[in-house]
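Some notes on the structure that comes next.
Residue numbers (our numbering): 4 to 69.
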């Protein structure tokens, strides 16, 4: 767990450096760090990888035909 947390913190540091270089800002109330799972652009990202958000898939499957 210790190595995983160190790697995670290093990843966050690299991401924040790139955002800073691009003059990007984050909202402290909306930013989440050290969470087991996060949904970004309709993808659920966790330790197992990246999958489509099931809620979005359901909406497309149940889309009414014209």
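Heads up, the beta-carbon is just placed ideally off N, CA and C, and yes, glycines get one too.
- Rounded to the nearest angstrom, the Cβ distance from residue 64 to residue 56 is 13 Å, too far for a contact under 8 Å.
- Distances from the CA of residue 52 to each of 24, 43, 36 were compared; the closest alpha carbon is that of 43.
- DSSP places residue 57 in no beta strand (DSSP E) but in the uninterrupted alpha helix (DSSP H) bounded by 57–64.
- The same chain holds no residue with a CB closer than 7 Å to that of residue 61 once the five nearest residues on each side in sequence are set aside.
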